[in-house]
Structures are given as structure tokens and as C-alpha cells.
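Read in order, the letters of the sequence shown correspond to residues 1 to 519 in this note's numbering.
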Amino acid sequence: MLLGKWAALFGGAGGWSIFESGFDGDHQFTLNLKMTLMGLALLGAMTWWNIGPRWLSLIRPAVAMGLPVATAILLIAFGSAFAVNPDVLHSEFRPINPFEQPQSWLVAMATLLLGALQQEIWGRALLQSTLQRMLGNRWVALFAAALMLSLAQGSNRPATFCSAILFGVVFIRTRSVICTTLIHATLDLSVACLQGGPLIASSLLDPAGFRAAKPLLFIGFLLLALAVELWCRRNSRGPDRVKTFAKNLLLIVAALTFCLLFGKLVWPVWPALAQKYAWLSPYLRTRAELVLQAGVTVAVLAWLHRGPPLRTLFAPRPAAALGVSLAAATLPALAEAIAAPGESWAAHFALPAPYAADPGLLTGVVLTIVVGAFAEEMFCRALLQPLLSRLFFSQWVGAVAGALLFTSMHTIGNEAFIFPGGLLLSIVFMRTQSIVCTTLLHVALNVSLTLTRGTTFMESAYMSTEAFDPARPVYGVLLVALTIAFEWCWRRSERARTGRLAPPPNERIPGFDPASLSP
1 MLLGKWAALF GGAGGWSIFE SGFDGDHQFT LNLKMTLMGL ALLGAMTWWN
51 IGPRWLSLIR PAVAMGLPVA TAILLIAFGS AFAVNPDVLH SEFRPINPFE
101 QPQSWLVAMA TLLLGALQQE IWGRALLQST LQRMLGNRWV ALFAAALMLS
151 LAQGSNRPAT FCSAILFGVV FIRTRSVICT TLIHATLDLS VACLQGGPLI
201 ASSLLDPAGF RAAKPLLFIG FLLLALAVEL WCRRNSRGPD RVKTFAKNLL
251 LIVAALTFCL LFGKLVWPVW PALAQKYAWL SPYLRTRAEL VLQAGVTVAV
301 LAWLHRGPPL RTLFAPRPAA ALGVSLAAAT LPALAEAIAA PGESWAAHFA
351 LPAPYAADPG LLTGVVLTIV VGAFAEEMFC RALLQPLLSR LFFSQWVGAV
401 AGALLFTSMH TIGNEAFIFP GGLLLSIVFM RTQSIVCTTL LHVALNVSLT
451 LTRGTTFMES AYMSTEAFDP ARPVYGVLLV ALTIAFEWCW RRSERARTGR
501 LAPPPNERIP GFDPASLSP
């Protein structure tokens, strides 16, 4: 009664009215908003009287459960569509462009989210919780609430029952309305993509195809509810690991967002420097900007104890750095000698005239090589690899994932040696935790490859870039061999160091670990 005059509330003097948006679901929007506010008011009263669920539990996001279940719903929905019509991936699917009709799109999205929220408040937080207190059993209350909600529907009763079972199981385990609202909205969006809706201009399935996909959807929802319950019961570490995974994923998103925002903040500095220094090429400016962005982000993560400490990152590690760098510098020439021995010494080493005559240009080239290597190491190794290792709970998986990202940043067609080189850099960083060591190795790889196949600023000592093509896979194999040799040498030296610290056999203490004394 208090909120009866919605038109006056939404269309005041000089204000924007949702009734002028052109969206035909304005009535549904106001109804969902009414139901949401009424449900929150009733829920607040029940919580105040200690006869309802706690607010802190209801409003926590519970992303450890919400994100995997929402992803599984998307897979079930699109998998059912593909099972019904294998050509669905090639069909025309066009969501409404929010820039063409922003008001209608916003109202439609708000209607969808408010609808999911109000149904979860009334169906789970109020109905299911109250039935659980009345009946004394959460599973009886779950099925009773699902049955009541399905009977209240004039149509789509099987869909309502199966989805209510899924939402109820998640609510039992999380007690979070925000989590079930996320899952509910994901289900509504996936169904809208299959059969059409206010946000979809062209759906994936026609009406006949959607009717054929309904049984698969219902069975998938019930199996997903059973999987959630069994997973929560039998794997006590599962929820904790998923929760940690979600936190680490959010940490990666936050770090990359901070890196991007900091780059936007300092971007006006680079044009001013480019006007002052002619040798500051666009490539060098890009790499210097990446160094600054990644360096500040790495420092922030180190300060928050979410990344390697700066003292470890900038440790020189001269023995490992010099040894692996000198070995890597010989690999391009060795690959060329194996793959195309007739091309050896086919050209001469010389700098083209512009670079030989202008020391400033040569300085810019040298800085580009060094700063480019340092920028890639700062971003891929110091920033991303530790975060990926935390995300997947394994340093080896983080190293491989970092090598894949490193490969994606380079020119297409050089994967035969870019990925093995990235894997070598990732494993060297995993063992040494030194950005100085990997930067020196990266520079050695770049310079030796430049001298071997030549570039625009240096005539090759051995062959042209085109003549180097047969040596690419051989170079990749040699990089893999060097990676294995480095790992073997590192483990052997570690065992030798541990053996030197071990006391004589007659003085050993039971349970003593000599590695605990290593620096």
C-alpha cells in the first residue's frame, strides 16, 4: 500500500521514467521490485525476531559454490542445445546491442536480476527456511518447497520443480541468497539464449528444438544437484580448495585491473618523453610502460604478501644466471649448424649505415632489446607466474601456463621455439625466483637469435631469416634439452647441498630434516 504509486515514483518532474523506455516488460519490472522490497521487509522482521536465517549468511556471495555451479549450468544448457541440434554452433545468435537501446536493455537486465532475487528471497530464504523449522528436516522442507513452487506455476511445472531442487540444495549448503540468485540469473540467461527473451534478438533453438531439449535440461539440473550434494559430503577439502581457487582468481583479476588502471594514469607522460628524446621509439615506449605497470603491481603484491618478495626477485644468482645464459647463447648457431650446415657464415656481421652512423639509434636498439626482455620477464614471470601457481596449487602448472601466455604474446609462426624458450624461462624462475637471472637469460636468447637469423637493424652472421626456417624445430628441441639439463643440475646440486648439511650417521636425530638448515 505504501509503494502503490510507482508511476509517480519513477516518473517525477524532470526525471527519467521507465515507462518511456520502450520495453514491454515495465509491469514485470515494477512487480519484481515490489516483491523484492516486500520480501526483504518480511525477512528483516523474521530475522529481528530470531525466527529466520541470519543476514550475514544470506548476503555473503559464496563464490566458491556459485561460480562452479553457474558454469555447470551454462555447460548443461548449451550442451543440451548441441545434442538436439549439432548445427547450433553455426546458427545465428544475436543478443540485443546495449548501445542501440540502452534504456530498454538496462530495464530488461534489471527485470531479470530482480526477478531472480525476489524468487530466491520468497522461495528459499522465506518458504524453505520456514518449512525447515516447521517440519524439522531440511530435505523434507526442500522437496515440499519445490513442490509448492511448481504447483503455483500455471505452466513449466517440471522446469520449476527441477530448478527449485537445484537452488534448494545450494541454499542448504551455502545459506546464501546472493549465491542462489547468481545461479538463478545464469539459468534464466542460458534458457533465454536457447528459446529467446527480452535480451536476445535471435535465439539458438526454434520452439520445436527447445521442446526436445527440455528433458535433457531437467535431467542435467537434477544430476547437478546430486553432484553438488555428494561433492559437499564426501570431499571435505573440495569446498576449501574451490574457495581458495575463487579467491586467487579474483586476486589475478584485481592485479591485472590495477596494472591497467595504473598504465592509464601514467600514459600522458610518454608523449612528452617521446618529444624530448628522439631515440625513444614506440616499441621502447610500450615496453617501458609495461615495465612500470608490472613493476608497481609486483611491488604492491609483495607488500600484501601475495607474491614473491622484492629482495628475492632482484637477487643476482650469478652462478645459475651465467651458466644457463652462456649455454642458451650457443643454441641458435648449433641449431643452424645441424639443420642447414651449408648456410654457415653465408653473410657477414655488420651494422647498417643508419645505426652505425648514429649512436643514438644504436642506443635505442640496445635499450629496446634489454627493456623488452625485462618487460616480458616482469609481466610474465614476476607478476603472472606466481599468481597462476597460486591459482592452480602447483608451481609446475603455473610454469606451463606462464609459458603458454608468453607464447601468445609473440608473433604467430614461431611457436616451435617460443614455447620451449618460455618454458625454460618459467622453470629457471621457478627454481631461482630471480627476475635478474631470467632477464639475463632472455637477453642472451634474443641476442643470439638476432645474430643468427638477422633483423632489420643487423645483418646476420650466419643466414637470413628465411633460411633459418628449417632450424626452428631443431632450436625448439635444443631448448627443451637445455630445460631438462637445467632441472637435472638444479636437483643434483640441491641433493649435494642437503648431503653436506647432514650429520654423521651416529649423530643423526630421529625426525631431523637437514634441508631445514639450508639458507
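Each residue gets a CB set at the ideal place from its N, CA and C atoms; glycine is no exception.
Q | Distance between beta carbons of F417 and R472, contact taken as under 8 Å | A | Looking up residue 472 in the sequence shown gives position 472. Looking up residue 417 in the sequence shown gives position 417. Yes, they are in contact, since the Cβ atoms of R472 and F417 sit about 6 Å apart, within 8 Å.
Q: Write down the C-beta distance between A403 and G372 rounded to the nearest angstrom, noting that I regard them as a contact closer than 8 Å.
A: Position 403 of the sequence shown, counting from 1, holds the residue named residue 403. Position 372 of the sequence shown, counting from 1, holds the residue named residue 372. By a beta-carbon distance limit of 8 Å, A403 does not contact G372. Their separation comes to about 18 Å.
Q) Would you call L388 buried or exposed, if buried means 16 or more other Cβ atoms sit within 10 Å of its Cβ? A) Along the sequence shown, read from residue 1 onward, the residue named residue 388 stands at position 388. Result: buried.
Q) Just how far apart, CA to CA, sit F23 and A225? A) Reading the sequence shown from its first residue, position 23 is the one you call residue 23. Reading the sequence shown from its first residue, position 225 is the one you call residue 225. Note on F23: pLDDT 45, under 50, position unreliable in the model; no value is reported.
Q.
With the cut-off set at 8 Å, would you say R173 and V253 are in Cβ contact?
A. Translated into positions along the sequence shown, residue 173 becomes position 173. Translated into positions along the sequence shown, residue 253 becomes position 253. Not a contact, by the Cβ cut-off of 8 Å.
Q) Does the segment 441-454 come close enough to the segment 318-328 that 3 or more CB-CB pairs lie under 8 Å? A) yes
Q. If we call anything under 8 Å between Cβ atoms a contact, is A192 one with V84?
A. If you number the sequence shown from 1, residue 192 lands on position 192. If you number the sequence shown from 1, residue 84 lands on position 84. Cβ atoms of A192 and V84: not closer than 8 Å.
Q | Cutoff 6 Å; reference C179; Cβ partners in own chain excluding five residues on either side | A | Position 179 of the sequence shown holds residue 179. So the qualifying residues of the chain are A62, M65 and G66.
Q: Label H348 either buried or exposed according to how many other C-beta atoms from any shown protein chain fall within 10 Å of its C-beta, with 16 as the threshold for buried.
A: As a position in the sequence shown, residue 348 is number 348, starting the count at 1. The pLDDT assigned to H348 is 48, lower than 50, so where the model puts this residue is not dependable, and the model offers no usable value.
Q) With distances taken between CB atoms, is the gap from E377 to I435 smaller than 8 Å? A) Position 377 of the sequence shown, counted from the first residue, corresponds to residue 377. Position 435 of the sequence shown, counted from the first residue, corresponds to residue 435. In contact: E377 and I435 (Cβ atoms closer than 8 Å).
Q: Spell out a yes or no on whether the segment 107-123 and the segment 30-46 are touching, meaning 3 or more CB-CB pairs, one atom from each, closer than 8 Å.
A: The segment 107-123 makes contact with the segment 30-46, as at least three CB pairs between them are under 8 Å.
Q) Are the beta-carbon atoms of D188 and L112 separated by less than 8 Å? A) Residue mapping note: residue 188 aligns to position 188 of the sequence shown, counting from 1. Residue mapping note: residue 112 aligns to position 112 of the sequence shown, counting from 1. Inclusion of D188 and L112 in the CB contact set at 8 Å is warranted, their separation being smaller than that value.
Q) Going by beta carbon distance, what residues of the same chain come within less than 7 Å of L525, once the five residues before and after it are set aside? A) In the structure as shown, the chain begins at 1 and stops at 519. Residue 525 is therefore absent and cannot be evaluated.
Q. If you run the structure through DSSP and keep just helix, strand and coil, what is M148?
A. Stepping through the sequence shown from its first residue, residue 148 is reached at position 148. Helix, per DSSP.
Q: Quick one: grab the DSSP three-state call for F314.
A: Here residue 314 refers to the residue found at position 314 when the sequence shown is read from its first residue. Three-state result, F314: coil.
Q. For the putative contact between G168 and A145, defined by C-beta atoms under 8 Å, what is the C-beta separation to the nearest angstrom?
A. Counted from its first residue, the sequence shown places residue 168 at position 168. Counted from its first residue, the sequence shown places residue 145 at position 145. Between A145 and G168 the Cβ distance is about 6 Å, and since that is below 8 Å, they are a contact.
(Q) Taking the alpha helix (DSSP H) that G421 belongs to, which residues open and close that run? (A) As a first step, residue 421 is located in the sequence shown; it is residue number 421 there, counting from the start. Per DSSP, G421 is one residue of the alpha helix (DSSP H) stretching across E415 to T432.
Q) Grouping DSSP H, G and I as helix and E and B as strand, with all else coil, what is S394? A) Along the sequence shown, read from residue 1 onward, the residue named residue 394 stands at position 394. Annotated three-state conformation of S394 is coil, per DSSP.
Q) Closest Cβ-Cβ distance between M430 and chain C: below 8 Å? A) Structure shown: chain C not included; a single protein chain is present.
(Q) Rounded to the nearest angstrom, what separates G136 and S129 at their Cα positions? (A) Here residue 136 refers to the residue found at position 136 of the sequence shown. Here residue 129 refers to the residue found at position 129 of the sequence shown. Distance between the alpha carbons of G136 and S129 is about 10 Å.
Q.
For a minimum of 4 consecutive residues, which ranges assigned as the alpha helix (DSSP H) are wholly contained in the segment 159-215?
A. 177-195
**Q.** Pick from F392, A81, L313 and A320 that is closest to F379, judged by C-alpha positions
**A.** Counted from its first residue, the sequence shown places residue 379 at position 379. With distances taken between Cα atoms, F379 lies closest to L313.
Q | Where H410 sits in the DSSP three-state scheme | A | Residue numbering aside, residue 410 sits at position 410 when the sequence shown is read from its first letter. Coil at H410, not helix or strand.
**Q.** Presumed contact (8 Å Cβ cut-off) between T186 and I73, rounded CB distance
**A.** Within the sequence shown, residue 186 is the residue found at index 186, counting from 1. Within the sequence shown, residue 73 is the residue found at index 73, counting from 1. Indeed they touch by this definition, with Cβ atoms about 5 Å apart.
Q) Who are the near neighbours of A485 in its chain, counting only those whose CB is closer than 7 Å to its CB and skipping five residues on each side? A) One-based indexing of the sequence shown puts residue 485 at position 485. Here the set comprises nothing.
Q | Local conformation of W267 per DSSP, three classes | A | The residue you call residue 267 lines up with position 267 of the sequence shown. If DSSP states are grouped into helix, strand and coil, W267 belongs with coil.
Q | Short Cβ contact (8 Å threshold) for S190 with A77 | A | For the purposes of this step, residue 190 is identified with residue 190 of the sequence shown, where counting begins at 1. For the purposes of this step, residue 77 is identified with residue 77 of the sequence shown, where counting begins at 1. Yes, Cβ-Cβ distance for S190 and A77 is below 8 Å.
Q. Can the beta-carbon of Y283 be found less than 8 Å from the beta-carbon of T407?
A. To locate residue 283, count along the sequence shown from 1; it is residue 283. To locate residue 407, count along the sequence shown from 1; it is residue 407. Contact: no.
Q.
Rounding to the nearest angstrom, what Cα-Cα distance links R211 and T297 in this structure?
A. As a first step, residue 211 is located in the sequence shown; it is residue number 211 there, counting from the start. As a first step, residue 297 is located in the sequence shown; it is residue number 297 there, counting from the start. Each residue's Cα considered, the two are about 51 Å apart.
Q. In three-state terms, what does DSSP make of E459?
A. In the sequence shown, counting from the first residue as 1, residue 459 sits at position 459. Note that E459 scores a pLDDT of 49, beneath 50, so its modelled location is shaky; the value from the coordinates is reported in the next line. Three-state DSSP puts E459 in a strand.
**Q.** Presumed contact (8 Å Cβ cut-off) between L149 and A164, rounded CB distance
**A.** Residue numbering aside, residue 149 sits at position 149 when the sequence shown is read from its first letter. Residue numbering aside, residue 164 sits at position 164 when the sequence shown is read from its first letter. Right, their Cβ atoms sit about 5 Å apart.
(Q) Please state the DSSP three-state secondary structure of I219. (A) In the sequence shown, counting from the first residue as 1, residue 219 sits at position 219. It is helical.
Q: Measure the C-alpha to C-alpha separation of G103 and A246 and round it to an integer number of angstroms.
A: Start at 1 with the first residue of the sequence shown, and residue 103 comes out as number 103. Start at 1 with the first residue of the sequence shown, and residue 246 comes out as number 246. Rather than Gly, the amino acid found at residue 103 in this sequence is Gln. One C-alpha to the other measures close to 33 Å.
(Q) So N248 and L391 are supposed to be a Cβ contact under 8 Å. How far apart are they, rounded? (A) Along the sequence shown, one-based indexing puts residue 248 at 248. Along the sequence shown, one-based indexing puts residue 391 at 391. Your pair N248 and L391 checks out as a contact, with CB atoms roughly 4 Å apart and the cut at 8 Å.
Q) For I484, which three-state DSSP category applies? A) The residue labelled residue 484 in the question sits at position 484 within the sequence shown. If DSSP states are grouped into helix, strand and coil, I484 belongs with the helices.
Q. Leaving out the 5 sequence neighbours to the left and right, which residues in its chain are closer than 8 Å to P316 when beta-carbon positions are compared?
A. Numbered from its first residue, the sequence shown carries residue 316 at position 316. Counting only Cβ-Cβ distances below 8 Å, and skipping sequence neighbours, we find S434, V436 and C437.
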